[in-house]
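Residue numbering for the sequence shown follows the UniProt record's numbering, starting at 19 and increasing by one per position.
Cβ atoms here follow ideal geometry from the backbone N, Cα and C, with glycine treated the same way.
Below is one structure, written out as structure tokens; comments come after it.
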Amino acid sequence: LDNGQLVPWEGQMDEVHSTISTTKEYKPTLLGTVPHMDEPTALGVLDSAVKAYDQGKGEWPTMRVKDRLACMTSFVEMMKTKRDEVVKLLMWEIGKTLADSEKEFDRTVDYIYDTIEDYKQLDRDSSRFKKVGGINAHIRRGPLGVVLCLGPYNYPLNETFALLIPALIMGNTAVFKPAKHGVLLLSPLLEAFQKSFPAGVINVIYGRGREVAAPIMKTGKIDVLALIGNSKSAIALQDQHPYKNRLRLILGLEAKNPAIVLPSADLELAIDECINGTLSYNGQRCTALKIVYVHEDIKDEFNKRFSKRVDELKFGQPWEEGVKLTPLPEPGKPAYIQELIDDAKDKGAKILNERGGHTSDNYIYPAVLYPVTENMRVYQEEQFGPVIPIKPFKDIHALLDEIAKSNYGQQVSLFGDNVEALAPLIDVLVNLVCRVNLNSSCQRGPDVLPFTGRKDSAVGTLSVHDALRSFSIRTFVASKDN
Ligand code: G3H
């Protein structure tokens, strides 16, 4: 999609294979192809976004709020008619279960409607005059410019749109690059983009990051880099920009969210939540619980019951009833998880569950590793996949010191009784991360709540409300009170 046209591509194509296989021996199925763009093509696409923005003078950034909202409403109405197609592709391309794929689609539709409503409110609030020091100030919110937007494979629709939709609604124009896995599912929506927005407002590039995204950054014409994914890509792209001080960043990055299970915890509840927290979508969520700290007094009971529950989970195809674990989209992931397991075993950990570590070509059954220590890779790295490290602790103050040392700071789950008594502990935890979940696993939603992180976990804040502010700047017109 370039300058409002669905441009036919005559160059090299990249094949998109399915994550899942219906045969016993894993054979990737060809699902479709996407353009393998080159640098000049990507730069041409960028030019369309730059022209449409026209340094803030373009039709889109100067359009009346009501008209911009009408474009967005037209888009979401058309999008809803593509639900079945997109849900099916979510299952085939990234192996997300049917329930979670439907949830991702519906959540995205709700996100767009909520953003429209929030923008109306924002516009009403900022249309008021403020009288101060003899000045009448008419405060507004204006766009920032041209946004380069990159979404992740684990939420190729929802998280890409959590960046793109607020960016567009605030009057920015965008070039967006879909994730490598989860790229085809955006195709059914391209026509809706084309029909709903003026030419050049939204443009799409495909291909390798270094061949298409990096050259775009190098031009210095990008005002906002909006990326949900890994910090390596974010840093590599940021580094290409010649005027770093001008570049705004909105980034959702890695996390190593811990669960802390205190002796007073309701064990059944803690186990349920830790199963979900560690293994929803096979642990491929930035909000997943990536390490479980269990108090010495209850570790034996917790470990026994937790590992048994992990072994009861059903592995299968995303559309099958009751399936929790599904194939992994990244071809190298099972081997990587195996490396983490081997390293932990070499350094003294054991696999607690019988099925743990059993592999097929595109899957590895989650291993529960115990006791995990600080010198193990699974302790240090964000596994982003199906392996669960458990570490015992005795003294909560020593544990807080340990958590404070982490390079990440997104969320924590705390399991224990008597929330009032836990208040001092909660007060410390919220200063180490950005969200403390009491007796529940970590998550991003509901999308009206702020979503961010400290340290290397995020730059800027997302949520319906916050994203509109992140993708805009406050400006005002002042007149003298005569
Ligand atoms: O991968 C990171 C996502 O923000 C996780 O979102 O908690 O809604 O699954 P979620």
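For residue i, list the residues DSSP reports as bridge partners.
| i | result |
| --- | --- |
| Asp32 | Val52 |
| Asn221 | Val193 |
| Val25 | Answer is none; Val25 lacks a bridge partner. |
| Asp20 | Gln23 |
| Asn455 | Ser431 |
| Phe469 | Leu480 |
| Ser410 | Residue identity check: residue 410 is Pro in the sequence provided, not Ser. Pro410 pairs with Val312. |
| Ile382 | Thr377 |
| Phe333 | Leu343 |
| Tyr388 | Lys368 |
| Ile246 | Gly270 |
| Val405 | Ala385 |
| Phe494 | Ile157 |
| Tyr426 | Lys473 |
Could you round the C-beta distance between residue i and residue j to whole angstroms and report it? I think they count as a contact, below 8 Å.
| i | j | result |
| --- | --- | --- |
| Thr51 | Ser36 | Not quite, the Cβ-Cβ distance comes to about 13 Å (not below 8 Å), so this is no contact. |
| Val390 | Tyr383 | At roughly 18 Å, the Cβ-Cβ gap does not stay under 8 Å, so Val390 and Tyr383 are not in contact. |
| Leu61 | Pro233 | 6 Å |
| Phe433 | Ala273 | Going by Cβ atoms, the distance from Phe433 to Ala273 rounds to 18 Å, so no, they are not a contact pair. |
| Ile130 | Met96 | With 8 Å as the limit, Ile130 and Met96 do not qualify as a contact, their Cβ atoms being about 11 Å apart. |
| residue 504 | Leu202 | Since the first residue of the chain shown is 19 and the last is 500, residue 504 is not available in this structure. |
Given that a residue counts as buried once 16 or more other Cβ atoms are within 10 Å of its Cβ, and exposed if not, what is residue i?
| i | result |
| --- | --- |
| Glu400 | buried |
| Ala439 | exposed |
| Val34 | buried |
| Glu177 | buried |
| Val230 | buried |
| Thr344 | buried |
| Arg142 | exposed |
| Leu204 | buried |
| Asn221 | buried |
| Tyr299 | buried |
| Pro349 | exposed |
| Thr296 | buried |
| Gln30 | exposed |
| Glu357 | exposed |
| residue 514 | Given a span of 19 to 500 for the chain in the structure shown, any question on residue 514 remains unanswerable. |
| Gly340 | exposed |
| Val104 | buried |
| Ser497 | exposed |
| Leu287 | exposed |
| Ile289 | buried |
| Thr80 | exposed |
Nearest chain C C-beta to residue i closer than 8 Å, yes or no?
| i | result |
| --- | --- |
| Asn300 | In the structure shown, chain C cannot be found, because there is only a single protein chain. |
Alpha helix (DSSP H) runs wholly inside the stretch 248-314, at least 4 long, in chain order: 249-258 and 285-297
May I ask you to verify whether the stretch 183-203 touches the stretch 153-165, counting CB pairs closer than 8 Å and requiring at least 3? yes
Evaluate the contact criterion for the stretch 311-319 versus the stretch 264-282: three or more CB pairs, one atom per stretch, below 8 Å. yes
Taking 8 Å as the cut-off, does the stretch 21-33 touch the stretch 214-221 (at least 3 CB pairs, one atom from each stretch)? yes
For the stretch 104-188, which segments carrying the alpha helix (DSSP H) assignment without a break, of at least 4 residues, lie completely within its bounds, in sequence order? 116-144 and 176-187
Any contact of the stretch 370-382 with the stretch 328-348, i.e. 3+ C-beta pairs under 8 Å? yes
Under 8 Å, with one C-beta from each stretch per pair, do the stretch 301-309 and the stretch 404-416 reach the 3-pair mark? yes
Counting pairs of beta carbons, one from the stretch 132-142 and one from the stretch 484-493, are three or more of them closer than 8 Å? yes
List in chain order: all unbroken alpha helix (DSSP H) runs of 4+ residues lying wholly within the stretch 337-374. 351-364
Answer yes if the stretch 440-454 comes into contact with the stretch 470-477, meaning at least three C-beta pairs across the two stretches below 8 Å, and no otherwise. yes
Using 8 Å as the cut-off, can you tell me whether the stretch 205-212 makes contact with the stretch 57-73, which would need three or more C-beta pairs spanning the two stretches below that distance? no
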